[in-house]
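Colleague:
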Amino acid sequence: MAAIEMRNIVKEYGDGFKAVNDISLNIADGEFMILVGPSGCGKSTLLRMIVGLEDITSGDMVIGGDRVNEKAPRDRNLSMVFQNYALYPHLTVFENIAFPLRLKKGVPEDEIRRRVNEAADMLELHEHLQRKPANLSGGQRQRVAMGRAIVRQVNAFLFDEPLSNLDAKLRGQMRTEISRMQRRLGTTTVYVTHDQTEAMTLGDRVAVLRRGFLQQVASPRELYEQPVNMFVAGFIGSPPMNFLPAVVSGQRLKLPFLEVDLPAIAAGKVTDGQLLIAGIRPEHFEDAKVVDASRREKGAVFRARVDVTEWLGDSQYAYIPFEANEEVTKQLSDLAAELDSEALRTQLIISIDAMSRLRENHEGEFWADTRRMHLFDPRTGNNLTRDEAAAADLASLEEEELRERMDSSDTAAR
Amino acid sequence: MKVSRRTQAFWIAGAILIIAYAIIPVLWIISLSFKEGDDITNKSFLPSTWSWENYKTVFASDLFTTALRNSVGMSLIATTISVILATLAAYAISRLDFPGKRLVLGVALAITVFPVIAIATPLFDLWRNIGLYDTWLGLIIPYLSYSLPLSVYVLAAFFREIPWEMEQAAQVDGATAWQAFRRVIVPLATPGVFTAAILTFFAVWNDFVFGITLTSSEAARPVPAALAFFQGASQFSQPTAPIAAAAVVVTIPVVILVLLFQRKIVAGLTNGAVKG
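Chain order of the listed sequences is A and B.
Read in our numbering, the first sequence has 233 at position 201, and its numbers run on one by one without any break.
Read in our numbering, the second sequence has 218 at position 187, and its numbers run on one by one without any break.
1. Pick from A:89, A:422, A:194 and A:79: whose alpha carbon is nearest that of residue 49 (chain A)?
2. Below 9 Å on C-beta distance, what does residue 387 (chain A) contact in chain B?
3. Counting along the chain, where does the alpha helix (DSSP H) carrying residue 24 (chain A) start and finish?
4. Among the residues of its own chain, which have a CB less than 7 Å from the CB of residue 255 (chain B), if the five just before and after it don't count?
5. Since residue 139 (chain B) and residue 183 (chain B) are thought to touch, with beta carbons under 8 Å apart, how far apart are those beta carbons, to the nearest angstrom?
6. Closer than 8 Å by C-beta to residue 202 (chain B): which residues in its own chain qualify, once you throw out the five before and the five after it? Chain order, please.
7. Decide if the stretch 106 to 113 of chain A is in contact with the stretch 171 to 187 of chain A; the criterion is three or more beta carbon pairs, one per stretch, under 8 Å apart.
8. Can the beta-carbon of residue 338 (chain A) be found less than 8 Å from the beta-carbon of residue 350 (chain A)?
9. Flag residue 120 (chain A) as yes if its beta-carbon sits less than 8 Å from any beta-carbon of chain B, otherwise no.
10. Shortest alpha-carbon distance to residue 340 (chain A) belongs to which of A:121, A:423 and A:393?
11. Give me the Cα-Cα distance between residue 36 (chain A) and residue 239 (chain A), rounded to the nearest whole angstrom.
12. Quick one: list the residues of chain A neighbouring residue 175 (chain B), beta-carbon separation under 9 Å, in chain order.
13. Could you tell me the alpha carbon to alpha carbon distance between residue 290 (chain A) and residue 242 (chain A), rounded to whole angstroms?
14. Helix, strand or coil: how does DSSP classify residue 152 (chain B) here?
15. If distances are taken between C-alpha atoms only, which option among A:427, A:67 and A:136 comes closest to residue 185 (chain A)?
16. For residue 83 (chain A), decide whether its Cβ has a neighbour in chain B, counting only Cβ atoms nearer than 8 Å.
17. Could you tell me the distance, in whole angstroms, from the CA atom of residue 247 (chain B) to the CA atom of residue 165 (chain B)?
18. Just to check my reading of the structure: residue 59 (chain A) and residue 219 (chain A) have Cβ atoms closer than 8 Å, yes? What is that Cβ distance to the nearest angstrom?
19. Would you check if the distance between the CB atom of residue 235 (chain B) and the CB atom of residue 178 (chain B) is smaller than 8 Å?
20. With contact counted as at least three CB pairs below 8 Å, one residue from each stretch, are the stretch 42 to 58 of chain B and the stretch 277 to 291 of chain A in contact?
21. So which residues of chain B does residue 132 (chain A) contact, with C-beta pairs closer than 7 Å?
22. By the criterion of Cβ-Cβ separation under 7 Å, what are the contact partners of residue 135 (chain A) in chain B?
23. Quick one: list the residues of chain A neighbouring residue 219 (chain B), beta-carbon separation under 9 Å, in chain order.
24. Could you tell me if residue 435 (chain A) is buried or exposed, where buried requires 16 or more neighbouring beta carbons within 10 angstroms of its beta carbon?
25. Alpha carbon to alpha carbon, how far is residue 126 (chain A) from residue 35 (chain B)? Give it in angstroms, no decimals.
26. Of all the beta strand (DSSP E) runs that stay within the bounds of the stretch 220 to 251 of chain A, which reach a length of 3 or more residues?
27. What does residue 197 (chain B) touch in chain A if you count any residue whose Cβ is under 8 Å from its own?
28. On the three-state DSSP scale, how would you describe residue 218 (chain B)?
29. Cα separation between residue 114 (chain B) and residue 85 (chain A)?
30. Just curious, the alpha helix (DSSP H) that residue 452 (chain A) is in, first and last residue?
31. Is the stretch 302 to 317 of chain A close to the stretch 397 to 409 of chain A, with three or more CB pairs under 8 Å?
32. Whole angstroms is fine: what's the gap from residue 107 (chain B)'s alpha carbon to residue 98 (chain B)'s?
33. Does residue 269 (chain B) come out as helix, strand or coil in the three-state DSSP assignment?
34. Between the Cα of residue 215 (chain B) and those of A:357, A:51, A:91 and A:118, spot the shortest distance and give me the residue it belongs to.
35. Taking only three categories from DSSP, how would you classify residue 82 (chain A)?
36. Count the CB pairs spanning the stretch 137 to 157 of chain B and the stretch 67 to 83 of chain B that are closer than 8 Å, and state whether there are at least three.
Here's what the structure looks like:
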C-alpha cells in the first residue's frame, strides 16, 4: 500500500496534442480516487501513466515515496483491471489468478494455492477455478480479472472502466462488490470511469477532468454541493443541473419564471445589468402544492406550463421549456456537447413528488429552493457562489472518515 | 433456409466430382504400389493379387532408407529453426515500429516469388566452393530462406489478432517483455505457429529442385530426389510400382502430421480473452 503523488504531469503526443495537461494530484494511502470526465478528457491516459504503459512527457510520478517515471510497469508493483478484462484465454481461471505469483521467483506452490483460493473465496469463484475464460459469463470474467489484481500485495489497484462492458443490473452488483473489496483490503485505488453514478458511489474523492485539465478534486458531496465551475456542476448529477439565464438588476436577479434576491456571496462580484447563468438542480424544485408553508418561505414560487412529464414510480420529472437569448443558448449547447450530450432545446427539468398529479400542457405552480442556486460567470464558467468555508468543512469531514477507516482496517489487519 | 431437392442434388454431385478428382490419383498410386511384378500392365484399377513386394524392395534399398532419414532430419531441423525465427520476426513486425519495416516485409515477399530454379545453379557453384555441397546444412539454408517469409507472413497475421491488452496485462502482472512473449503471446498464437510449421514442413518435405541440384550422394539426398534415381527389382523393368510404394511411404508422415495438428489449427484464437 502506498500513496500516489502526481506533480505537474503532462502527456504530449508527437503532434503536439496534450492529452494530459499539468495535472497535480495527491492520492492518500488507502484512498479510493475516481478519475472521471467525458470521453477524450485524458482520464485513461493518466491511469496508464500511473501504471507505466504510457510514457510521461514531463512531471513526476511518485508512488510510495519513489519516483517511478522511468520504471517499467512490472517494477511499480501495481495491479490493473482492464476494460475488456484481458484474461489469458489459454489458462484456466486458477492459472489466470496465479499468473502474477508465478512470475515472481521463489513463491512456493502451496503458497500460490493458498493465495489463489483466498482470492477465489472473496470473489466466489471457487466452482469456476478449473474453467477457461471462454466458458465464463461477463460478470464472472470481470471477477477473475479482479482476482488477478488482488492476489498479490500491491501498492495500488488501478481500474480502467471495469464495469462498462456489463449490463446495468450486474454493474450495480459489481459496483458494491468493488467497494466492499476495497474497504476490506484498504488498498489505494484509482478508478477511471465516465459513469457518474460509479464516481459518486465508489469514490472517497473524485477528480473531474476536462480536455486534459483537472477541474476539481473533491469528495462526491462537495462536487455536488460546491462545484467550482459550470462544467463540474453540469457533469455531476443526473438529470443534470438546469442552467438558466439570470440578469442582475440592482439587488435582484431576474430569471425566466422567477425573480430572486441576489445571493450575498455573489454581491461584490457582479455589476448591475450583467448576464449570469444560474444553476439549479432538478431535485431542488418541487410542486408548490406539496411544500409546507415554513419551507415555502425560504424559496421562490412560480407558475409555468409543463410540456412533458415522466413518471418513474419513485420520482417524477417535468419538462418546462423556456426562451433564452442567443448567447446563453450557444453557451449551453457548447457545454452539452462537451458533456457528450446534446441540448436540443432550452428547458427546465424539475424533479417533483411522484404523488403530485401534474398534467401535460397545463400550468402548474412550482417551488424552487433558491438557497441552493449557484451563479456562474458565462464567460469563464466560474462559480460565483461557491462557499469555500462549507467546501473546506466537507473536505475535512471526508479526510476524517478516511483516516478512521484506515485505522480500523489497520487494527483488523493486526 | 430450406434448400430445394434439386440444389441439394447439385451440390452433392459437385462435391463427389471434386473429391473424385482429388482422390483418384492417390488411390491409383496406392493400388499401383500393391501390384507385383508385371501386374502393373494388368489394365485394371485394382491389382490382380495384393502383394507387399514393392514395399519390401523399397525398404531393402539403401537409396531409399538413407534418403528417408535425410528427408526426415532436414525437414524437422529446417521447420524448427524456421518457425522459431519466424515467430520472433513476426512478433517484431506486428508489435514494434521500426524504420524499414515495410521494406523488410516487401523483401521477404519478393523472395518467395523468386523462381527456385533461378537460384539453384548459382548456389551449386557457391556451395561447391565453400564446401557446403552435398551436406545437410547446404540444403537447410536454402530451405530456410524460402520458408521463412511465408511463416513470417502467417505468424504476423496471427500476432496482429492478439489484443495489445494481453501483453500489457502481463507486463503489469510483473512479466518482462520476454516472459510476456513466451507465456502469453506464443501460447495464444499456437494455431498460427502450427500452421506455419506445417506449411514449412510440406514445402521442405516436397522439395525436389534443391534436393537434386545440391546433392551428389546419399549423404544429403532427400526422398523426392532419390526417387529419380530409383531402380526396379531388375534393371530391365521400369521401377513404376516401387516408386509408387515409396510415394505412399513418404506421404504417410505428412498425413499423420495434418491429422495430429488440425485441431490445433482450427482452435479459436483469442477465445474469451476479451468480452465476446
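By construction, the Cβ of each residue, glycine as well, lies at the ideal position given by its N, Cα and C atoms.
Only a predicted model underlies this, so the values are computations on that prediction, with no experimental measurement involved.
Modeller: Result, derived from the coordinates:
1. Counted from its first residue, the first sequence places residue 49 (chain A) at position 17. For the residues A:89, A:422, A:194 and A:79, the minimum Cα distance to residue 49 (chain A) belongs to A:89.
2. For the purposes of this step, residue 387 (chain A) is identified with residue 355 of the first sequence, where counting begins at 1. The contacting residues do not exist; residue 387 (chain A) stays about 42 Å from chain B at best.
3. Missing from the structure shown is residue 24 (chain A); chain A here goes from 33 to 446 and no further.
4. Here residue 255 (chain B) is taken as the residue at index 224 of the second sequence, counted from 1. Once the five neighbours on either side are set aside, the close Cβ partners of residue 255 (chain B) are 237, 238, 239 and 242.
5. Residue 139 (chain B) sits at position 108 when you count from the first residue of the second sequence. Residue 183 (chain B) sits at position 152 when you count from the first residue of the second sequence. Correct: roughly 6 Å between the Cβ atoms.
6. The sequence position of residue 202 (chain B) within the second sequence is 171, counting from 1. Contacts found: 208 and 211.
7. yes
8. Counting from one through the first sequence, the residue named residue 338 (chain A) turns up at place 306. Counting from one through the first sequence, the residue named residue 350 (chain A) turns up at place 318. Closer than 8 Å, so yes.
9. Numbered from 1 along the first sequence, position 88 holds the residue referred to as residue 120 (chain A). Cβ-Cβ to chain B under 8 Å: yes for residue 120 (chain A).
10. Your numbering for residue 340 (chain A) matches position 308 in the first sequence. Residue A:393 is the option with its Cα nearest to residue 340 (chain A).
11. Against the first sequence, residue 36 (chain A) aligns to sequence position 4. Against the first sequence, residue 239 (chain A) aligns to sequence position 207. When rounded, the distance between both Cα atoms is 14 Å.
12. The residue given as residue 175 (chain B) occupies position 144 in the second sequence. Under the 9 Å cutoff, chain A gives no residues; its nearest Cβ is about 28 Å from residue 175 (chain B).
13. Counted from its first residue, the first sequence places residue 290 (chain A) at position 258. Counted from its first residue, the first sequence places residue 242 (chain A) at position 210. So the two alpha carbons sit approximately 32 Å from each other.
14. As a position in the second sequence, residue 152 (chain B) is number 121, starting the count at 1. Correct three-state label for residue 152 (chain B): helix.
15. Counting from one through the first sequence, the residue named residue 185 (chain A) turns up at place 153. Of A:427, A:67 and A:136, the residue nearest in Cα terms is A:136.
16. Reading the first sequence from its first residue, position 51 is the one you call residue 83 (chain A). Interface residue, yes.
17. Within the second sequence, numbered from 1, the residue matching residue 247 (chain B) stands at position 216. Within the second sequence, numbered from 1, the residue matching residue 165 (chain B) stands at position 134. If you take the alpha carbons of residue 247 (chain B) and residue 165 (chain B), they lie about 6 Å apart.
18. Counted from its first residue, the first sequence places residue 59 (chain A) at position 27. Counted from its first residue, the first sequence places residue 219 (chain A) at position 187. Actually they are not in contact, since the Cβ atoms of residue 59 (chain A) and residue 219 (chain A) sit about 11 Å apart, beyond 8 Å.
19. Looking up residue 235 (chain B) in the second sequence gives position 204. Looking up residue 178 (chain B) in the second sequence gives position 147. Yes, the Cβ-Cβ distance between residue 235 (chain B) and residue 178 (chain B) is below 8 Å.
20. no
21. Taking the first sequence and counting its residues from 1, one reaches residue 132 (chain A) at position 100. Within chain B, the residues near residue 132 (chain A) are 204 and 205.
22. The residue you call residue 135 (chain A) lines up with position 103 of the first sequence. Ordered by position in chain B, the residues that pass the 7 Å Cβ test against residue 135 (chain A) are 204, 205, 206 and 210.
23. Translated into the one-based positions of the second sequence, residue 219 (chain B) becomes position 188. What residue 219 (chain B) touches in chain A: 120, 121 and 122.
24. Mapped onto the first sequence, residue 435 (chain A) falls at position 403. The residue in question, residue 435 (chain A), is exposed, as its Cβ has fewer than 16 Cβ neighbours within 10 Å.
25. Here residue 35 (chain B) refers to the residue found at position 4 of the second sequence. Here residue 126 (chain A) refers to the residue found at position 94 of the first sequence. Cα-Cα distance, rounded: 50 Å.
26. 220 to 225, 237 to 242 and 245 to 250
27. Mapped onto the second sequence, residue 197 (chain B) falls at position 166. The answer, in chain order, is 118 and 120.
28. Stepping through the second sequence from its first residue, residue 218 (chain B) is reached at position 187. Note: residue 218 (chain B) maps to helix in three-state DSSP.
29. Translated into positions along the second sequence, residue 114 (chain B) becomes position 83. Translated into positions along the first sequence, residue 85 (chain A) becomes position 53. So the two alpha carbons sit approximately 30 Å from each other.
30. The requested residue 452 (chain A) does not occur in the structure, where chain A is confined to residues 33 to 446.
31. yes
32. Mapped onto the second sequence, residue 107 (chain B) falls at position 76. Mapped onto the second sequence, residue 98 (chain B) falls at position 67. The alpha-carbon atoms of residue 107 (chain B) and residue 98 (chain B) are separated by roughly 14 Å.
33. Position 238 of the second sequence, counting from 1, holds the residue named residue 269 (chain B). Coil, per DSSP.
34. Taking the second sequence and counting its residues from 1, the one referred to as residue 215 (chain B) is at position 184. Nearest C-alpha to residue 215 (chain B): A:118.
35. As a position in the first sequence, residue 82 (chain A) is number 50, starting the count at 1. Three-state DSSP puts residue 82 (chain A) in a helix.
36. no
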